[in-house]
Every structure is written in C-alpha cells, then in structure tokens.
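*Asks:* Here this note's numbering is used: the first residue of the sequence shown is 2, the next is one more, and so on.
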Amino acid sequence: MHYSLYHERFKNDDFKNARSDLLWILENAPGLPKNDARNYRRAVKMYEGLAEQAGDEETRKAYLDTAATYLTSAPKKMEQQGIDYEPYKWERRKGRFVEEHQGAMPDLEGLDSPVAHYRKAFELAPDELNAYYIQQVLQSHADNNELQKALDFANMVEKKRGDDEEVAELISSVREDIFGKNSQAKISYLKEQVEAHPDSTQLLTELFNAYNRQGNVSKASELAKRLTTMNPSAETVRKIAQMRLEDGRPEAALEAYERAQAQGAELKAEDHFNRGEAYQKMDQLARARQAYRKAAERKENFGRAYIAIGDLYARAVNNCSGNEMSRGDRAVYWAAVDKYRQAKEMDSSVASTANSKIKTYRRVFPSTEDIFYRDDWEDGGTFTINYGCYSWIGETTSVRSSSG
Numbered sequence: 002m003h004y005s006l007y008h009e010r011f012k013n014d015d016f017k018n019a020r021s022d023l024l025w026i027l028e029n030a031p032g033l034p035k036n037d038a039r040n041y042r043r044a045v046k047m048y049e050g051l052a053e054q055a056g057d058e059e060t061r062k063a064y065l066d067t068a069a070t071y072l073t074s075a076p077k078k079m080e081q082q083g084i085d086y087e088p089y090k091w092e093r094r095k096g097r098f099v100e101e102h103q104g105a106m107p108d109l110e111g112l113d114s115p116v117a118h119y120r121k122a123f124e125l126a127p128d129e130l131n132a133y134y135i136q137q138v139l140q141s142h143a144d145n146n147e148l149q150k151a152l153d154f155a156n157m158v159e160k161k162r163g164d165d166e167e168v169a170e171l172i173s174s175v176r177e178d179i180f181g182k183n184s185q186a187k188i189s190y191l192k193e194q195v196e197a198h199p200d201s202t203q204l205l206t207e208l209f210n211a212y213n214r215q216g217n218v219s220k221a222s223e224l225a226k227r228l229t230t231m232n233p234s235a236e237t238v239r240k241i242a243q244m245r246l247e248d249g250r251p252e253a254a255l256e257a258y259e260r261a262q263a264q265g266a267e268l269k270a271e272d273h274f275n276r277g278e279a280y281q282k283m284d285q286l287a288r289a290r291q292a293y294r295k296a297a298e299r300k301e302n303f304g305r306a307y308i309a310i311g312d313l314y315a316r317a318v319n320n321c322s323g324n325e326m327s328r329g330d331r332a333v334y335w336a337a338v339d340k341y342r343q344a345k346e347m348d349s350s351v352a353s354t355a356n357s358k359i360k361t362y363r364r365v366f367p368s369t370e371d372i373f374y375r376d377d378w379e380d381g382g383t384f385t386i387n388y389g390c391y392s393w394i395g396e397t398t399s400v401r402s403s404s405g
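#1: Specify the secondary structure class of residue 384 as computed by DSSP and reduced to three states.
#2: Closest by CA to residue 317, which one among 167, 335 and 306?
#3: Between the Cα of residue 366 and the Cα atoms of 386, 348 and 338, which residue gives the shortest distance?
#4: Using the Cα positions of residue 230 and residue 180, report the straight-line distance between them to the nearest angstrom.
#5: Near residue 169, which residues of its chain fall below 7 Å by C-beta distance, leaving aside the five closest residues on each side in sequence?
#6: Which word fits residue 1, buried or exposed, when buried means at least 16 other C-beta atoms lie within 10 angstroms of its C-beta?
#7: Nearest-angstrom Cα distance between residue 146 and residue 184?
#8: What does the alpha-carbon distance come out to for the pair residue 406 and residue 364?
#9: For residue 43 and residue 9, what's the separation of their Cα atoms in angstroms?
#10: Once the 5 residues before and after residue 311 are set aside, which same chain residues still bring their CB inside 6 Å of it?
#11: If we ignore side chains and look at the alpha-carbon of each, how far apart do residue 137 and residue 131 end up?
#12: Just list the alpha helix (DSSP H) runs in the segment 17 to 85, keeping only unbroken ones of 4 residues or longer that don't cross its boundaries, in chain order.
#13: Looking only at its own chain, which residues have a Cβ that is under 6 Å from the Cβ of residue 238, when we skip the five neighbours before and after it?
#14: Report yes if the CB atom of residue 306 is closer than 7 Å to the CB atom of residue 315, and no otherwise.
#15: Along the chain, where does the alpha helix (DSSP H) that runs through residue 189 open and close?
#16: Based on DSSP bridge pairs, tell me the residues matched to residue 267.
#17: Just checking, does the segment 220 to 229 make contact with the segment 193 to 209 on the three C-beta pairs under 8 Å criterion?
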C-alpha cells in the first residue's frame, strides 16, 4: 500500500504527498519490489523536486541538503541491507547532482567535484560509462590547463575503451587540442608510445614530425636513422632528405630523394632545388644544373633556381681557371650574368641579390682589348660556352666588355 501510494504521487511530481510513504518504505522495506536501488534513487529525486518547488531560498537549500545526504549515505545502507545497486551509476549520479546544483551545495563528506565522481565511475565500470561523462572529465582538465591529467586520463581510457569508435574519436580530438597548445606534451606522449611500440613506423614518423616542428633537429636526426631502416612514407623520406642536406650529408640526401621517388613521391620544386644544392656541394655541377632546371620547370618564376644556375657557372670558373683567368674563363661570366638577369626579371624577390652578383661579375668580364684579340668575338655578337672544362655549360650568350 505505501509503495503504490508514493509511486503514483511520485510519477505525477506530487513530491510533498509522496514523501511520507516513501520514507516509510525506506525505513521498513527499502528493497521493495525488486531488491534494487529504485527507492533510494527516488528519495534523492524527490528532495530535488521539493527544492525546485520550494517558495524560498532557505527551504530550497534545506531540501537539497537532504537530497545530498541520501545520495552520500545510500550506498553504505544498501550494502548493509543487501540491496542490489551498481556503484558506478551511483558515482555518476553524485557527479550529475553536484554539476546541476553547484552554488547551492552543502559541504558534505562523500561529495566531490563532478569530474572526480565521473572519473571514479569510469574506474568502476569502464565499459559501461557513457562517453559524455568521459568527455566531461577530459574537457574539465583541459579547461583548467591540467594538460598532463587530461593526457593521463585519455591514456587510461584508451587502454580500456580504445575499441569504442566514439570514445576513440573523443580521445583523438582532446589530444590534438592539447598538443596544439603544448608541443612538448605531444612529444612526451609519442615517446611513451614509441617505447611501448618500438616497431611502429607510424608512431616513429609522428614523433619525427613533432621534433621537426619543434625545431629539435638533433632528436629528429636520431629518429631519421631508425626510420630509414623501416618503411616510412615517401613524404617522410623527403623530409629526411632535406634534413640530411642541412646536416651536410649531400650523398645521403640524394639517396633519400631517390628512395622517395621510388616509393611514388612526386618531388616538388623545392625538392629538386635541394637536389641541386646536394650535387653542387658534391661539385657535380652539371647534375646540379639539371636539378635546378627541374625546379624551375615545376614552379613558375622560380628566381632562386636561376640564381643558383648562375652561381654554378661562376663556380665553374673558380674550378677551371687555375691561378690566372684566361679570356675564355672570363667569358663564362657572361652566361652567369645572363642567369642573374633572367632571375630578377621574373622574380622581384631576388632582384637585390641578382643585382649585387651582376655588379660583381661584370667587373671581371673580358676587356675591350680581350674582345679585339679574339677573332670569334665581336661586341654585341653571340658566343657559345662549350669548350674544355666548360663543355657541359653549352650556353649561348652575348659578347660584351667589362666597360660596356
């Protein structure tokens, strides 16, 4: 009789008239009708409802205080009374209660922050807790800048619920948000993952990229050695190639670019430019020019590539002329200056560099007297650089003197 009376009134939100019968049930038959937690759960709900219906703030807080008392004391009572209940749900309920009534909460032992209760609920039943509550914990830590706590909880959740697609997406989103704010946090996380999975090419690649973004060349270079023994993506191999070039290892850089192409990577203009730099460092000037030309083909108005070709021609003179430059050596500077002029005409960003080089090398052009004594030279005429040490150049240029 008491159960049916309170239940009917409870369903209709008539909490005032339901109270006496529900309290009688809790005192005399708390497990009725199925020996579960429903009566204690409803007692909390009833006092929350009475608080909502209260006419003044003092009464509202008194009802919430009573609701909180039932919420914190019920688990122990149910255990003593042999009533079946799910501890994780009760922890979740505590968290929701605190979350909904913050600002009007009594200071009761057994009530903590919403996040603390949701976290405990997860620990009690990791497979059962709804993803919403997991998100609440992660978001709270992130909002309070407790990044390590958020990452630690994310790692724990991943171990126990990582196969849940919704949870996995949630963890990934939170991590990316944290890693976007703190690159070192991402590196620390990835280092732990690599230690746990040392043969994972994907994890090693992610850590390699993270070090690169951080500017930690030393650490990235160490990982590059490991990655090259595995099967990294073509894009990663391209990055390794650039790093090796910057480390002063041109041959290793070229090997990496070749491997990237073999794996299907399409080299970009900057990649071909870097290949040119590598060949230039190895003093393979003809191959360097070929790479620079490919760079220019792939990027419109790529002035730097033409500057680099001009520099190759100037370097060739240093390599070939010996102790004293001949007229034929000086003629090569015509071809170099042609490239500098071509560079500045197409790309204003290199104009200053080009003008400086033009000014320097015009001074060492053949003189008017030099031109006079060469039967195959005529001021304003054409001449092809294709002889001796310069046979690889094959450029046709115009004859002009240093004073012209």
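We treat Cβ as the ideally placed atom computed from N, Cα and C, and that holds for glycine.
All values derive from a computational prediction rather than experimental measurement.
*Replies:* So, from the data block:
#1: Look at residue 384 here: in three-state DSSP terms it is strand.
#2: 335
#3: 338
#4: 28 Å
#5: Here residue 169 has 163 as same chain residues with Cβ atoms under 7 Å from its own Cβ, once five neighbours each way along the sequence are excluded.
#6: Residue 1 falls outside the range modelled here, since the chain spans only 2 to 405, and no answer is possible.
#7: 14 Å
#8: Given a span of 2 to 405 for the chain in the structure shown, any question on residue 406 remains unanswerable.
#9: 12 Å
#10: 337, 340 and 341
#11: 10 Å
#12: 39 to 54 and 58 to 82
#13: Same-chain partners within the cutoff: 257, 260 and 261.
#14: no
#15: That run of the alpha helix (DSSP H) goes 184 to 197.
#16: DSSP lists no partner for residue 267.
#17: At 8 Å Cβ cutoff, the stretches touch.
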